[in-house]
Amino acid sequence: MFDWWEELSGYIIFELLELIPQSHLGVAVHFFLFDTIKIFILLITIIFVVSFLRTFFNTEKVRVYLQGKSEFTGNTLAALFGIITPFCSCSAIPLFLGFMQARIPMGITFSFLISAPLNNEIAIAMLFSLFGWEITVIYIGFGLAVAILGGFLIGKIPNIEKYVLIPVTPMEGELEDIEIQLTLKQRVKESWEYTADIFKKIYLYVMAGVGIGAFIHGYIPAEFISTYAGEDAWYAVPIAVLMGIPMYSNAAGVMPLIEVLTSKGMLLGSALSFMMAVTALSLPEAMILKRILHLKLIVLFFSIVGVGILVVGYMFNFIFGGKI
Numbered sequence: 001m002f003d004w005w006e007e008l009s010g011y012i013i014f015e016l017l018e019l020i021p022q023s024h025l026g027v028a029v030h031f032f033l034f035d036t037i038k039i040f041i042l043l044i045t046i047i048f049v050v051s052f053l054r055t056f057f058n059t060e061k062v063r064v065y066l067q068g069k070s071e072f073t074g075n076t077l078a079a080l081f082g083i084i085t086p087f088c089s090c091s092a093i094p095l096f097l098g099f100m101q102a103r104i105p106m107g108i109t110f111s112f113l114i115s116a117p118l119n120n121e122i123a124i125a126m127l128f129s130l131f132g133w134e135i136t137v138i139y140i141g142f143g144l145a146v147a148i149l150g151g152f153l154i155g156k157i158p159n160i161e162k163y164v165l166i167p168v169t170p171m172e173g174e175l176e177d178i179e180i181q182l183t184l185k186q187r188v189k190e191s192w193e194y195t196a197d198i199f200k201k202i203y204l205y206v207m208a209g210v211g212i213g214a215f216i217h218g219y220i221p222a223e224f225i226s227t228y229a230g231e232d233a234w235y236a237v238p239i240a241v242l243m244g245i246p247m248y249s250n251a252a253g254v255m256p257l258i259e260v261l262t263s264k265g266m267l268l269g270s271a272l273s274f275m276m277a278v279t280a281l282s283l284p285e286a287m288i289l290k291r292i293l294h295l296k297l298i299v300l301f302f303s304i305v306g307v308g309i310l311v312v313g314y315m316f317n318f319i320f321g322g323k324i
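The numbering of the sequence shown is my numbering, which starts it at 1 and goes up by one.
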């Protein structure tokens, strides 16, 4: 798909700028230019498409639909809804509170909170561009499984409402099934404005991620990474999860690192575990939740999701090994 850009970027770097093709600097700069533009094109395209589709949904209607659903069905629907909602854990929290106000069971609301950062359009777009549809589909399936089962387990906690620290006032009356009528022009305008807003927020993350990835790609030997994070490094997955928790980023900033680390010998499951921990188990998310939920529930939430991420990481390593 991007062969034309690979040739053009190679011409710019090696012919116009006269960098040596096999030098560390030349390889790193070419990687940075090629990947940055490629990711920008994919992000703008896919965010716009998903945003356009999102104009046919509204949160109130989803709340109405989720009300009264049985636990496992509700967990599944909430996890699926997380795919088309805001792309980081902190921006998903307002909707999480809205679900609580709508008297939707806590386990179902947690399924949404887990799924939203794991299965967002950014992660899906970049996974598809870097690793193809097969790995993307498997990742989505595993991400949904973690969200569904995690929320289901949390929902089984007796008297879970007592762990909510703020008064959640139920909405008066029944939620109405509101239809939003927009013209095609309005949908396109709204989608483009949302795409531009998201792009402004994440493009620096992308450049930073690609920049770090370019340095690793150009200067760090593959043998170094494969030795400490390759097939024989069973500890790579838990270490990747622990390293990801203190960080706060989104898939756009982390995914370029995943591409480089896997190309250098890190197993895909280990690399994806790092990304999932960064996006779904960040400390800023915990700090926000601390104002809403009791520490015991936050620890349980992080523990369940963390175990789920570990399982997903080891499953990816088992399925794909070093074949990426």
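The beta carbon of each residue, even a glycine, is placed where N, CA and C say it ideally should be.
Here the structure is a predicted model, which means the values were calculated and not measured.
Express the C-alpha separation of residue j and residue i in angstroms, rounding to a whole number.
i: residue 291; j: residue 300; result: 16 Å
i: residue 141; j: residue 81; result: 14 Å
i: residue 213; j: residue 219; result: 10 Å
i: residue 124; j: residue 145; result: 16 Å
i: residue 45; j: residue 23; result: 33 Å
i: residue 150; j: residue 321; result: 26 Å
i: residue 331; j: residue 303; result: Residue 331 cannot be examined here, being either before or after the span of the chain that is shown, 1 to 324.
i: residue 30; j: residue 6; result: 9 Å
i: residue 193; j: residue 38; result: 21 Å
i: residue 278; j: residue 246; result: 8 Å
i: residue 118; j: residue 107; result: 17 Å
i: residue 8; j: residue 261; result: 25 Å
i: residue 287; j: residue 47; result: 28 Å
i: residue 40; j: residue 84; result: 20 Å
i: residue 143; j: residue 3; result: 31 Å
i: residue 360; j: residue 198; result: Past the edges of the chain, shown from 1 to 324, lies residue 360, and the structure says nothing about it.
i: residue 256; j: residue 209; result: 6 Å
i: residue 154; j: residue 28; result: 45 Å
i: residue 319; j: residue 233; result: 16 Å
i: residue 17; j: residue 74; result: 56 Å
i: residue 49; j: residue 185; result: 14 Å
i: residue 215; j: residue 221; result: 11 Å
i: residue 122; j: residue 11; result: 29 Å
i: residue 211; j: residue 157; result: 44 Å
i: residue 203; j: residue 283; result: 22 Å
i: residue 126; j: residue 139; result: 12 Å
Here's the rule: buried if 16 or more other CB atoms are within 10 angstroms of the residue's CB, otherwise exposed. What is residue i?
i: residue 137; result: exposed
i: residue 36; result: buried
i: residue 177; result: Residue placement at residue 177 cannot be trusted, given a pLDDT of 49 that sits under 50; the coordinates are not used to answer.
i: residue 200; result: exposed
i: residue 224; result: exposed
i: residue 196; result: exposed
i: residue 159; result: exposed
i: residue 134; result: exposed
i: residue 258; result: buried
i: residue 104; result: buried
i: residue 32; result: buried
i: residue 112; result: buried
i: residue 316; result: buried
i: residue 308; result: buried
i: residue 132; result: exposed
Under 7 Å Cβ to Cβ from residue i, same chain only, skipping five residues before and after it: list those, please.
i: residue 26; result: 13, 14, 19 and 20
i: residue 306; result: 241 and 281
i: residue 187; result: 52 and 55
i: residue 238; result: 310
i: residue 163; result: 293, 294, 296 and 297
i: residue 207; result: 36
Spatial neighbours of residue i within its chain, please: C-beta separation below 6 Å, excluding the five flanking residues on both sides.
i: residue 76; result: 148
i: residue 128; result: 136
i: residue 289; result: 298
i: residue 267; result: 317
Relative to the alpha-carbon of residue i, which residue among the options has its alpha-carbon at the smallest distance?
i: residue 263; options: 130, 307 and 120; result: 130
i: residue 314; options: 7, 256, 273 and 298; result: 273
i: residue 34; options: 233, 217, 243 and 289; result: 217
i: residue 161; options: 293, 316 and 17; result: 293
i: residue 298; options: 114, 43, 41 and 318; result: 114
i: residue 296; options: 207, 308, 266 and 165; result: 165
i: residue 43; options: 120, 184 and 243; result: 120
i: residue 276; options: 156, 243, 289 and 266; result: 243
Report the three-state DSSP secondary structure of residue i (helix, strand or coil).
i: residue 177; result: Any answer about residue 177 is weak, because its pLDDT of 49 lies below 50 and its placement is not dependable; what the coordinates show is given next. In the structure shown, residue 177 sits in coil (DSSP, three-state: anything other than H, G, I, E or B).
i: residue 293; result: strand
Looking only at its chain, what residues have a beta carbon closer than 8 Å to the beta carbon of residue i, apart from the 5 residues adjacent to it on each side?
i: residue 109; result: 78, 96, 99, 100 and 151
i: residue 190; result: 51, 55 and 182
Please confirm whether any heavy atom of the ligand GTP lies closer than 8 Å to the CB of residue i.
i: residue 17; result: Inclusion of the ligand GTP in the displayed structure is not the case, the ligand content being empty and no account of it being possible.
Within 9 Å (strictly less), CB to CB, does residue i reach chain D?
i: residue 55; result: Of the protein chains in the structure, only one exists, and it is not chain D.
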